[in-house]
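Novice: What follows is a structure written as structure tokens; I'll ask about it next.
2 protein chains.
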Amino acid sequence: MNVLVVGANGQIGKMVVEKLQEGKQHNVRAMVRKEEQVADFKSKGIEARLADLEGSVDAIQATMKDIDAVVFSAGSGGSTGYDKTILIDLDGAAKTIEAAEKAGVKRFIMVSSIASNHREKWSEDMKPYMAAKFYADQMLEKSGLDYLIFRPGMLENKPGTGNVKIGTETAIRAIPREDVASTIVSALDYPTISRQAVDLISGDTSIEEALKKLWLN
Amino acid sequence: MNVLVVGANGQIGKMVVEKLQEGKQHNVRAMVRKEEQVADFKSKGIEARLADLEGSVDAIQATMKDIDAVVFSAGSGGSTGYDKTILIDLDGAAKTIEAAEKAGVKRFIMVSSIASNHREKWSEDMKPYMAAKFYADQMLEKSGLDYLIFRPGMLENKPGTGNVKIGTETAIRAIPREDVASTIVSALDYPTISRQAVDLISGDTSIEEALKKLWLN
Chain A
1 MNVLVVGANG QIGKMVVEKL QEGKQHNVRA MVRKEEQVAD FKSKGIEARL
51 ADLEGSVDAI QATMKDIDAV VFSAGSGGST GYDKTILIDL DGAAKTIEAA
101 EKAGVKRFIM VSSIASNHRE KWSEDMKPYM AAKFYADQML EKSGLDYLIF
151 RPGMLENKPG TGNVKIGTET AIRAIPREDV ASTIVSALDY PTISRQAVDL
201 ISGDTSIEEA LKKLWLN
Chain B
1 MNVLVVGANG QIGKMVVEKL QEGKQHNVRA MVRKEEQVAD FKSKGIEARL
51 ADLEGSVDAI QATMKDIDAV VFSAGSGGST GYDKTILIDL DGAAKTIEAA
101 EKAGVKRFIM VSSIASNHRE KWSEDMKPYM AAKFYADQML EKSGLDYLIF
151 RPGMLENKPG TGNVKIGTET AIRAIPREDV ASTIVSALDY PTISRQAVDL
201 ISGDTSIEEA LKKLWLN
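So the sequence lines, in the order shown, correspond to chains A and B. Residues 1 to 217 in UniProt numbering are what the first sequence lists, from first letter to last. Residues 1 to 217 in UniProt numbering are what the second sequence lists, from first letter to last.
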């Protein structure tokens, strides 16, 4: 499969790109916003495509030629204002979803956030971000795409353990970014896990086993 | 019909409430956020119900007992931050839509904004607001409600003329708030104008004629 990673320069995005590149099972394409990021990826032998999530749906769609699956791990980050929360985390995601539908992309894997689907659990300072993620996920669920939404717990920079818990109503726990990236990469090999939205936290089941259980659900 | 006006203390909301109260054809209920606003409306003989759009869907739903139609004209206004744009203009609207569905409300009239359905027309400073309105409208269109979305042009405080233009791709022009309020009130009498989203600007057709044309569409 040709896989486009949107937000390839982000922390999880970078790991997904690297793991796909190492795995050699799929062809990875990195979608990034800046020319210098394109050069960065190219120097590592990775094809990068340029588009801005604040740009048009058409411009985003142009990066999806020959793409079979999109991984969306972009985000405005914690240092920008709430205007960017709306324009990147929500509108940017929704435009990517629209572009994927127009481009005939089969699969869409979304990196969401744990508890974004439960308003009563949104902490005061995270509310705008959670709402943006919630509505982006809603747009994906209401699209015609073959989607898979992962709602990871609190993201940590510890090395991955390879063990996770996947479920629809898990506790709110942490997970290393590396395990999120590994789960996304493995999930590409389970095309029958379709139109599902699940929590993803650290656990005691291997990623492969957890995905198999989800597939048998 | 029993009509609940959400955002009854806003500029358009107040006019809708007054016109409904004067018209006597429907029973108006004002949804407001503050106790003193409840008292204000009560002193004018208008039943007011207390709920905060930043509160729970259940709390909003509690204001919808015996309600046949909801008019949503609430907004965070220009003096608050973009966090409130997400939490009121989008999430508050979406919660009201969910509450209306749960409460079995038949009709939902939304006050949106002209060009909110065309990203390429969003001006730089209005982008977050436009996006919030766009996704709120999307949630309504994807709901099971019998909805009518008005996208008024630039709102003016001039007295209404009683003449408007209603269409799906009008020019971006102004309209007095009073004409928006009058159109909403009149639209309640056209229950067959259902599941439509239209622009609303000043024009040369009477409100009644414009609504009749829309009904015959």
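Glycine included, C-beta positions come from ideal geometry on N, C-alpha and C. Every value quoted in this text rests on a predicted model; they were computed, and no experiment measured them.
What are the start and end residues of the alpha helix (DSSP H) that includes Ala154(B)?
Specialist: Note that residue 154(B) is Met in the sequence shown here, rather than Ala. Unbroken run through Met154(B) is the beta strand (DSSP E), 154–156; no alpha helix (DSSP H).
Novice: Would you check if the distance between the CB atom of Pro159(B) and the CB atom of Glu178(B) is smaller than 8 Å?
Specialist: yes
Novice: Identify every residue that forms a DSSP beta bridge with Ala48(B).
Specialist: Ala48(B) is bridged by DSSP to Ala30(B).
Novice: Which of helix, strand or coil does DSSP assign to Asp199(A)?
Specialist: strand
Novice: Between Ser113(A) and chain B, is the shortest Cβ-Cβ distance under 8 Å, so that the two count as touching?
Specialist: Chain B, which has no Cβ nearer than 8 Å to the Cβ of Ser113(A), makes this no.
Novice: List the residues of chain B that Glu120(A) touches, going by C-beta distances under 8 Å, in chain order.
Specialist: Ser56
Novice: If you follow the alpha helix (DSSP H) that Met126(B) is in, where does it begin and where does it stop?
Specialist: For Met126(B), there is no enclosing alpha helix (DSSP H), as DSSP gives it neither H nor E.
Novice: Return the CA-CA distance between Val185(A) and Leu20(A), expressed in angstroms with no decimal places.
Specialist: Rounded to the nearest angstrom, the two C-alpha atoms are 7 Å apart.
Novice: Can you list, in chain order, the residues of its chain whose CB lies under 8 Å from that of residue 289(B), leaving out five sequence neighbours each side?
Specialist: Residue 289(B) falls outside the range modelled here, since chain B spans only 1 to 217, and no answer is possible.
Novice: With a cut-off of 8 Å, does the C-beta of Leu87(A) fall near any C-beta of chain B?
Specialist: Yes, Leu87(A) counts as interfacial toward chain B.
Novice: Within this structure, are the beta carbons of Val5(A) and Val38(A) separated by less than 8 Å?
Specialist: No, the pair does not count as a contact, with Cβ atoms beyond the cut-off.
Novice: Report the residue from Phe134(B), Trp122(B), His118(B) whose alpha carbon sits nearest the alpha carbon of Val111(B).
Specialist: The residue with the shortest Cα to Cα distance from Val111(B) is Phe134(B).
Novice: Tell me where the beta strand (DSSP E) around Arg173(B) begins and ends.
Specialist: Run containing Arg173(B): none; DSSP gives neither H nor E here.
Novice: Measure from the C-beta of Gly81(A) to each C-beta in chain B and report whether the shortest distance is under 8 Å.
Specialist: yes
Novice: Give me the Cα-Cα distance between Arg173(B) and Met64(B), rounded to the nearest whole angstrom.
Specialist: 34 Å
Novice: Rounded to the nearest angstrom, what separates Phe72(A) and Tyr147(B) at their Cα positions?
Specialist: 32 Å
Novice: Given Glu47(B), which residues of its chain have a CB within under 6 Å of its CB, disregarding the five upstream and five downstream residues?
Specialist: Arg29
Novice: Quick check on Pro191(B) - is its C-beta less than 8 Å from some C-beta in chain A?
Specialist: no
Novice: Quick one: Cα of Asp204(A) to Cα of Leu155(B), how far?
Specialist: 58 Å
Novice: In chain B, which residues lie less than 7 Å from Ala100(A) when you measure between Cβ atoms?
Specialist: Those within 7 Å of Ala100(A) in chain B number zero; the least Cβ separation is about 16 Å.
Novice: Within its chain, find whatever has a CB closer than 6 Å to the CB of Leu140(B); leave out the 5 residues flanking it on each side and keep chain order.
Specialist: Ile97, Met110, Tyr147
Novice: Touch check for the segment 181–196 of chain A and the segment 12–26 of chain A: three-plus C-beta pairs under 8 Å?
Specialist: yes
Novice: Rounding to the nearest angstrom, what Cα-Cα distance links Asp58(A) and Ala99(A) in this structure?
Specialist: 7 Å
Novice: Which two residues bound the contiguous beta strand (DSSP E) that contains Gly167(A)?
Specialist: 163–167
Novice: What residues in its chain sit with their C-beta under 6 Å from that of Gln11(B), if we drop five residues either side in the sequence?
Specialist: The beta carbon of Gln11(B) sits closer than 6 Å to those of Arg177, all from its chain and outside the five residues before and after it, given in chain order.
Novice: Spatial neighbours of Ser202(B) within its chain, please: CB distance less than 8 Å, with the 5 preceding and 5 following residues excluded, ordered by chain position.
Specialist: Correct list, in chain order: Gly153, Thr161, Asn163, Val164, Lys165, Arg173, Ala174, Ile175, Pro176, Asp179.
Novice: Need the endpoints of the alpha helix (DSSP H) that Leu216(A) sits in, please.
Specialist: Counting along the chain, the unbroken alpha helix (DSSP H) around Leu216(A) starts and ends at 207–216.
Novice: Give the straight-line distance between the Cα atoms of Ser206(B) and Gly55(A), rounded to the nearest whole angstrom.
Specialist: 39 Å
Novice: For Val70(A), does the three-state DSSP call read helix, strand or coil?
Specialist: Residue state, collapsed to three classes: strand.
Novice: Tell me Arg107(B)'s beta-bridge partners as DSSP assigns them.
Specialist: Ala69(B), Asp146(B)
Novice: Classify Leu87(A) as helix, strand or coil using the three-state DSSP reduction.
Specialist: Reduced to three states, the DSSP call for Leu87(A) is helix.
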